[in-house]
Amino acid sequence: MAAPLRRRGGSYMSRRRALALVAVAAAIPRLIVLLHERGAMLASYVEKSDILARQFLASGTFGYVPGEPSASTQPLYGWFMICIYWVAGRHWWTLGTAQVAVSVLTAILVCELGRRTVSLRAGIVAAVIATWEPYLLWHDVHVNREILDQPIGVAMFLLAAQGTLTRRRAALLGVISGVAVLSNSRLIVFPIVLAIYLLWRGTSWRAAILVPVLAAVAVAPWVVRNKVEVGCFAMTTDARALWKANNVNTYTTLAAGKWIDDVPDLAGRPPTPQDTGTTYDQTGEKVHVDECAQQSSYTKLVFTFWREHPGEKAKLAAQATRMIWDPRVGLDEGRNGQGGALDTIRTWIEPVYVLPLYLLAIVGLFFVPLPLRILSLLFIIFETAEGWVFAGTTRYRVSWDWVLALLAVVALSRTPLERPFKRTSSQ
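Okay, so the sequence shown: first residue is -19 according to the numbering used here, each after it adds one.
Structure representation (structure tokens):
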């Protein structure tokens, strides 16, 4: 039965109606942006998962060249695109509407999270605050793999927030956290973090241990596939990106307003899997890349940098923190929309929206129960720590900004607006 939410005049809003309201609030602005961006969505700045999806459907190879499998990125977004393209073709409206549906799912889950932790009305407000973030309205209808991180993250939070989990629910959390790793390989230790949190909440160790175990089971087919087809056990072989975020040229490159793609390469570096794809498209020549050897080489360079330049790494971590939490969207030199109306949104409209969200979230931390406070901080600190290891940008933060929206609503419920947010016995 849907829990009633009291409104003026003695009427009520059912849970079903509330979720429908949230779904409409998430969908309409994104559909408007999608129509505006329809010509550019698949024409430029396409994520490499799109290339992998097209190659898989054309040749059966999850890679950039027929017969040359690749593990150069986390696979989930590519699999998502394969499903869309196989069923409905590669068009702006097929991928766009699918991603709008993912955004709607995220908003519904945030509403449900707010209902369970505060009230149904608070859930509605939290979902609307989260889904109307200006940058997300643009981000969610473009080719960005982080869109899948959003509903997966809320699902993990929803389950973990229940505290003492049964084995069945802990197993479900484990599978979902494993899927999260397939979407974002930087979450590889997050299932362990969740298990520790559950143990602190009183979940039995037999149930808590299922989280990392089932997460490992979820990612195992991909890792084994990489061993068989690529040559090594790996979540991703793209250690070059990690090196670009961790070398002596990274700080000055990012400080100049550029992105890690612009960090100078090693002299005489071997071609990347994407390079071989470009070569094949232009000449028809197949060039084999030893991705595992490249991964090993770049990983050693990263560890050497950390060991020999700890001060520089500390500067990079501080820089990443600032870039992640800067209320302005990163204006990387040469990026899409630079110098136009999109810059105005990035520089002015986004901060006007996000700064109050930050402040209210900080206030909300003092009012939520300790378990919810700790869980919220785990999500916030973990996404910040990801930037310390890799690099920081708005795109990496916004996937979990719904945590801030939830805390902000709790803060609002402690103001004179408390009455409409207050949970009643009927809820």
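Idealized CB from N, CA, C, for every residue including glycine.
Requested in this report: Keeping to the same chain, check which residues put their C-beta closer than 6 Å to that of Gly58; ignore five residues upstream and five downstream.
Outcome: Ser29, Leu32, Ala33
Query raised in the report: Among residues of its own chain, excluding the 5 on either side of Ala68, which ones have a beta-carbon nearer than 7 Å to its beta-carbon?
Result: Thr74
**Report entry** Those residues which DSSP pairs with Val45 across a bridge
**Finding:** Glu48
Query - Start-to-end residues for the alpha helix (DSSP H) that takes in Phe359 - result: 350 to 369
Query - Contacting residues, own chain, Cβ-Cβ under 8 Å from Ser(-9) (five flanking each side not counted) - result: Note that Ser(-9) scores a pLDDT of 41, beneath 50, so its modelled location is shaky; the value from the coordinates is reported in the next line. The answer is none, since no qualifying residue turns up.
Query raised in the report: Could you give the C-beta distance for Gln54 and Asn229, rounded to a whole number, given that I count them as a contact under 8 Å?
Result: Not a contact, Cβ separation roughly 25 Å.
Requested in this report: Could you check if Trp66 is buried or exposed, using at least 16 other CB atoms within 10 Å of its CB as the buried criterion?
Outcome: exposed
Query - For Glu209 and Trp202, the rounded distance between their alpha carbons - result: 10 Å
Query raised in the report: Beta carbon of Val108, beta carbon of Leu14: below 9 Å?
Result: no
Query - chain D within 9 Å of Val309, Cβ atoms only - result: Reference to chain D is not applicable here, since this structure consists of a single protein chain.
Requested in this report: Report the three-state DSSP secondary structure of Met136 (helix, strand or coil).
Outcome: helix
**Report entry** Pick from Leu357, Val134, Leu85 that is closest to Leu(-1), judged by C-alpha positions
**Finding:** Leu85
Query raised in the report: Taking Cβ to Cβ, would you say His119 is nearer than 9 Å to Arg326?
Result: no
**Report entry** Member of Val169, Val309, Thr146, Gly133 whose CA lies at the smallest distance from the CA of Ile156
**Finding:** Gly133
Query raised in the report: Can you find at least 3 beta carbon pairs, one from the segment 17 to 27 and one from the segment 176 to 190, that sit closer than 8 Å?
Result: no
Requested in this report: Give the C-beta separation of Leu222 and Val123 to the nearest angstrom, bearing in mind that I take them to be a contact with Cβ-Cβ under 8 Å.
Outcome: Between Val123 and Leu222 the Cβ distance is about 22 Å, and since that is not below 8 Å, they are no contact.
Query raised in the report: CA-CA distance, Ile88 and Phe213?
Result: 36 Å
Query raised in the report: Span of the alpha helix (DSSP H) holding Cys272?
Result: 271 to 288
Requested in this report: Please name the residue in Arg148, Ala388, Thr324 whose C-alpha comes closest to that of Leu190.
Outcome: Arg148
Query - Met(-7) - DSSP class collapsed to helix/strand/coil - result: strand
Query raised in the report: What is the residue span of the alpha helix (DSSP H) that Phe60 lies within?
Result: 56 to 68
Requested in this report: Alpha carbon to alpha carbon, how far is Arg101 from Tyr231? Give it in angstroms, no decimals.
Outcome: 45 Å
Report task. Could you tell me whether the segment 283 to 298 touches the segment 346 to 358, using the rule of 3 or more Cβ pairs below 8 Å? Result -> no
Query raised in the report: Buried or exposed: which applies to Lys280, given that a residue is buried once 16 or more other Cβ atoms fall within 10 Å of its Cβ?
Result: exposed
Query raised in the report: How is Asn226 classed by DSSP in three states: helix, strand or coil?
Result: coil
Report task. Write down the C-beta distance between Val389 and Ala106 rounded to the nearest angstrom, noting that I regard them as a contact closer than 8 Å. Result -> 4 Å
Query raised in the report: What three-state label does DSSP hand Pro307 in the structure shown?
Result: coil
Requested in this report: Compute the distance between the beta-carbons of Pro331 and Arg302, then report whether it is under 9 Å.
Outcome: no
Requested in this report: Starting from Trp202, follow the alpha helix (DSSP H) in both directions and report where the run begins and ends.
Outcome: 190 to 209
Report task. Determine the burial state of Gly248: buried for a count of at least 16 other Cβ atoms within 10 Å of its Cβ, exposed for fewer. Result -> exposed
Requested in this report: Please name the residue, chosen from Ile240, Leu153, Leu116, that lies closest to Tyr177 on a Cα-to-Cα basis.
Outcome: Leu153
**Report entry** Coil, strand or helix - Asp129 by DSSP
**Finding:** helix
Query raised in the report: What's the C-alpha gap between Met136 and Val343?
Result: 24 Å
Query raised in the report: Thinking C-beta only, is Val45 closer than 9 Å to Thr256?
Result: yes
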